[in-house]
Amino acid sequence: MKLLKVEYKLIKKCKKGDIDAFEKLIENHEKRAYNIALKMLKDPNDAMDVSQEAFIKVFKSIKKFNHKSSFSTWLYRIVVNTCIDFIKKNKKNYSLDQSIQTEEGEIKREITDLSITDPKEILDKKLTREFVQSAINKLDEIHKTVIILRDIQEFSYKEISEILDCSLGTVKSRIKRGRDNLKEIIIKQMEQNNDLLV
Amino acid sequence: MKCKDFKEEMSLYIDGMLDKNKKNEFEKHLKECSKCRKEYKEMMKILNHIKKEEEVELPKNYKKELRSKLESEKKTSRKIKFKPFMGLAAGLVVILMSVTLYNNYLNNDKLMQGAKNEEFSYDKAAPENSSITQNENKNESKKRINLTSDDNNMKNINTDRKIIREAYLQIEIKSYDNTLEKINNYITKANGYVENVRSGYDIDYRTKDSEDKLKKANLTLRVPEEKFDDTIKYLDNLGKINTKRVTRNDISNQYFDTKNTIKNLKIQEERLREILKKADKIEDILQIENELRRIRKEIDRYTGTIKNWDRLVSMSTINIELTEVKYLNNEIKSLDKGIWFKAKEGFISTVNLITKGIEGIIIGLITISPLLILIGSLLVIFILIRRYLVNKS
Ligand SMILES: [Zn+2]
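Read top to bottom, the protein sequences are chains A and B.
Residue 147 in my numbering sits at position 147 of the first sequence; the count goes up by one each step and never skips.
Residue 312 in my numbering sits at position 114 of the second sequence; the count goes up by one each step and never skips.
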C-alpha cells in the first residue's frame, strides 16, 4: 500500500511534466521493458529505441492515465503495443526466414554434432536455449507476445489481460495456442535439421 | 478426462489456473495416459528452457539517452502548447495594427484638411470669399443640429462609446486681446486649458496699407467632453464665425480591440512567467525571457495608445483661428426661420439619422468581417492541431 502511495504521488508530479519524478517512477520497469522489447525485436538497438519510444509515449500520455488499471500494466501495454507497431512497420525485415542470424548458426553447429534420428529424443536431450529463442521468434506477433509476457516475464493472466486489453478467456486461449505453436515449430525445426543431416 | 481435454487444459494446469476438481482430473489422466504424459513433459521442458533465460542488463547509456529524449520531448510539447495561442495573439495584433493604421490615415486626412483650411484663410481672407464662407456657415450650423441630436442618441444607446470630439472654428473678432482673455477665463472655469497659442500680425493685404496692425492667432483648447457643446456655443457668440467644423470620431471598436489585445498579451505574459519558473535549461530560459520582453514592449505600446485615447476622449479638442477685423459684419444669421424650414430641417435630420444608423451597421459588419474570418480560421487550425496531438498520443 505504501508503495502504491509513492507511485501515486510520483504520477501526480509526472502529470505536471516532472522528468525527475518520471525517472523514479519507471526505475523498476526499465529493465523489464527493455527485455520485453529485446525478446520481441531481437536487435538490441531496436530494443533500446523502441522501449525508449514507449517510455516517451508514457510520459506524454501520463496526463490521461486514470488509475483504472495499475500503472505497471498500463506501462507494459504501451511497451508491447509500441513493439508490435514497430514489427508491423518493419515487417519485411522480420520475415520468417532469418537465416543470417548468428544464433541459428550456433544451433546448426550444435545440431550437426548430433547423430540421433528420432526428433523427439532430440527434444529430450539437446534442446538449447538458443533453439527455443529462435522458435519464439518464429511465432506470430500475438503468440510471441503472450509467451514473452507469460513464460519469460511471468506476468499473471490478469495482468496480461490488462496489458493486452482483452478478456481473461482470450488470454487463456492465446497462451495455450502460443505454447502449442511453439512446440510445433520446435519439432519442425528439429526434423528439418535432422533431414539436413540425413 | 479425454486426451483432447487434457491437451486443452494443459496450459492452465501448468499455470495453476485450474480449480481443484479439474486439477484432480487432470493429474489422474497424467498418471494414466503415457501419451499425454509425454506431451506434458515435452512442454515443461520447453517452458523450463524459456524460464531459465536471464534478463539482459540495460545498455550503459540507456538512462542517459532516455533523459535527453524526454527533455527534448518536453520542450517540443511545450512549444506546441502555446503555438495556437501565439497565432491567435499574432492575428489580433495584425488586425489591430491595420485598424489603427487605417484610423491614423483617416486622422491624417482630417488634419490635412484642417491645415488646408488654415492656409486658405490665411492667404485669401479676401472679401470675395465671404460668400463662400457664409454658405459654409449655414451648412455647418445645419450639420451641428444633426450632430447634437446624433450625439444625444448615441449616448442613449450606448454610454460605453469612445468618441473623440473635435472642433475647428474660424472666428472674426473685433478686439483680439479682449477676446483672448475672455476665452482664457471661460476655459479655466470649464476645467479646460489652452494647449497651444500661436499668434502674430495678419499680413492680409487689407491691413497692409492701414496703420492699424491686426492680430491673428491659432489656439488649441482642451475642454472636458461634457463642456464641449457649451464651449462651442460660447465661442459662437464671440464674433463672426467664418468656418466651423465639428467632428466626432467614434473609436470604440479600435479602443476595445486594443484593450482586449492588452488583456490577451497579459495572459500570455503570465503564462510565460509560469513556464519560466519551471524552466531549467538556460537555452529555454533565454528564449522565454526574449519572448517576455517582446510582449512587455507590446503591452506598453498599446497601453500608451489607450492612455492617449482616454485623454482625447475625456478632453475634447477645439482649434480656433482668431482673426482680428476692424468691422464686424454679423448680420447674416437667419434668425427667422419659417415653420416649413424648421420642419424640413427636422425631416432631413431624421433621414440623416436613419441613414447614419444603417451606414454604421454596414460599416461595423464590414469592419469586423476579416476579424471573424481570421478568428474562425484560427479556431479551425487550433482544433486540427489539437486533434492531431490527441491522435498522435
Ligand atoms: Zn491422454
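Idealized CB from N, CA, C, for every residue including glycine.
Close beta carbons around residue i, own chain, < 7 Å, minus the five adjacent residues each side
| i | result |
| --- | --- |
| B/Lys542 | none |
| A/Glu141 | Ile84, Ile87 |
| A/Asn90 | none |
| B/Lys464 | Ile497 |
| B/Ser232 | none |
| B/Glu326 | Unreliable positioning characterises B/Glu326 in this predicted model, as indicated by a pLDDT of 40, which lies under 50. A coordinate reading is not provided. |
| A/Ser72 | His29 |
Buried versus exposed, by CB contacts within 10 Å (16 or more), residue i
| i | result |
| --- | --- |
| B/Thr553 | exposed |
| B/Gln466 | buried |
| B/Thr331 | Low confidence applies to B/Thr331: its pLDDT is 40, below 50, so where it sits in the model is not reliable, and the reading given next is rough at best. Per the 10 Å Cβ criterion, buried. |
| B/Tyr366 | buried |
| B/Glu519 | buried |
| A/Cys166 | exposed |
| A/Met48 | buried |
| A/Val171 | buried |
| B/Ala324 | The predicted model places B/Ala324 with a pLDDT of 39, which falls under 50 and marks its position as unreliable; any figure quoted below should be read in that light. That one is exposed. |
| B/Leu563 | exposed |
| A/Asp151 | buried |
| A/Lys2 | exposed |
| B/Lys360 | buried |
| B/Gly502 | exposed |
| A/Lys12 | exposed |
| A/Leu164 | buried |
| A/His67 | exposed |
| B/Arg404 | Here the model assigns B/Arg404 a pLDDT of 49, short of 50, so the residue's position is not dependable and the matter cannot be decided. |
| A/Thr82 | buried |
Start and end residues, alpha helix (DSSP H) containing residue i
| i | result |
| --- | --- |
| B/Pro422 | No alpha helix (DSSP H) holds B/Pro422; the beta strand (DSSP E) holding it covers 413-422. |
| B/Ile439 | It is not in any alpha helix (DSSP H) - B/Ile439 instead sits in the beta strand (DSSP E) that spans 438-448. |
| A/Ile160 | 157-163 |
| A/His143 | 141-147 |
| A/Phe131 | 129-137 |
| A/Ile19 | 19-26 |
| B/Glu223 | 218-230 |
| B/Phe426 | 426-434 |
| B/Lys205 | 201-212 |
| A/Val80 | 71-89 |
| B/Leu256 | No alpha helix (DSSP H) holds B/Leu256; DSSP gives it neither H nor E. |
| A/Phe59 | 44-61 |
| A/Cys14 | 2-15 |
| A/Tyr34 | 30-41 |
Neighbour list for residue i in chain B, Cβ cutoff strictly below 8 Å
| i | result |
| --- | --- |
| A/Ile19 | Arg265, Leu268, Glu269, Lys272 |
| A/Lys172 | Ser209, Leu210, Met215 |
| A/Leu38 | Val254 |
| A/Arg201 | The displayed coordinates of chain A run from 1 to 198. Any statement about residue 201 of chain A would go beyond what the structure contains. |
| A/Phe86 | Here the premise fails: no neighbours, minimum Cβ distance about 16 Å. |
| A/Phe65 | Ordered by position in chain B, no residue passes the 8 Å Cβ test against A/Phe65, which lies about 12 Å from the chain. |
| A/Tyr157 | Asp213, Met215 |
Start and end residues, beta strand (DSSP E) containing residue i
| i | result |
| --- | --- |
| B/Glu364 | 361-371 |
| B/Thr515 | 513-522 |
6 Å CB neighbourhood of residue i in its chain, flanking five on each side removed
| i | result |
| --- | --- |
| B/Tyr198 | Lying outside 199 to 591, the shown extent of chain B, residue 198 of chain B is not represented and no answer is given. |
| A/Leu10 | Ala21, Lys24, Leu25 |
| A/Val58 | Leu75, Ile78 |
| B/Ser389 | Ser is not the amino acid found at residue 389 of chain B; the sequence shown has Asn there. Excluding residues within five positions, the ones whose Cβ falls inside 6 Å are Pro422. |
| B/Met261 | Reading off the sequence, residue 261 of chain B comes out as Lys, not Met. So the list is empty, once near-sequence residues are dropped. |
| B/Glu393 | Thr418, Arg420 |
| B/Arg443 | Tyr366 |
| B/Ser514 | Arg363, Val421, Glu423, Phe426 |
| B/Leu587 | none |
Ligand 3 heavy atom lying under 7 Å from the CB of residue i
| i | result |
| --- | --- |
| A/Pro44 | Within the structure as shown, ligand 3 is missing, the only ligands being ligand 1. |
Listed by chain order, chain B residues near residue i by CB distance under 9 Å
| i | result |
| --- | --- |
| A/Arg129 | His247, Ile248, Lys250, Glu251 |
| A/Glu23 | Lys261, Leu264, Arg265, Leu268 |
Contacts around residue i, its chain only, beta-carbon distance under 8 Å, and the 5 residues preceding and following it disregarded
| i | result |
| --- | --- |
| B/Ile212 | Met241, Met242, Leu245 |
| A/His127 | Note that residue 127 of chain A is Leu in the sequence shown here, rather than His. Once the five neighbours on either side are set aside, the close Cβ partners of A/Leu127 are Ile186. |
| B/Glu269 | Lys479 |
| B/Glu255 | none |
| A/His143 | Arg174, Arg177, Gly178, Asn181, Leu182 |
| B/Ile460 | Ile497, Tyr500, Thr501, Ile504 |
| A/Arg32 | Tyr76, Gln153 |
Chain-ordered chain B contacts of residue i [CB-CB under 7 Å]
| i | result |
| --- | --- |
| A/Ser132 | It should be pointed out that residue 132 of chain A corresponds to Val in this sequence rather than to Ser. By Cβ distance, chain B contributes Ile244, His247, Ile248. |
| A/Leu182 | Ile244 |
| A/Ile142 | Simply none; closest approach about 15 Å. |
Beta-carbon neighbours of residue i, restricted to chain A and to distances below 8 Å
| i | result |
| --- | --- |
| B/Met199 | Within 8 Å Cβ-Cβ: nothing; B/Met199 doesn't reach chain A, min ~16 Å. |
| B/Tyr260 | Glu30, Tyr34, Met48, Gln52 |
Closer than 8 Å at the beta carbon, the chain E residues around residue i
| i | result |
| --- | --- |
| A/Ile152 | Protein chains in the displayed structure are A and B, and chain E is not among them. |
Chain A residues whose Cβ lies nearer than 7 Å to that of residue i
| i | result |
| --- | --- |
| B/Glu223 | Simply none; closest approach about 17 Å. |
| B/Glu481 | None at all; the shortest Cβ gap to chain A is about 16 Å. |
Closer than 7 Å: residues whose CB approaches a heavy atom of ligand 1: B/Cys201, B/Phe204, B/His227, B/Cys231, B/Lys233, B/Cys234
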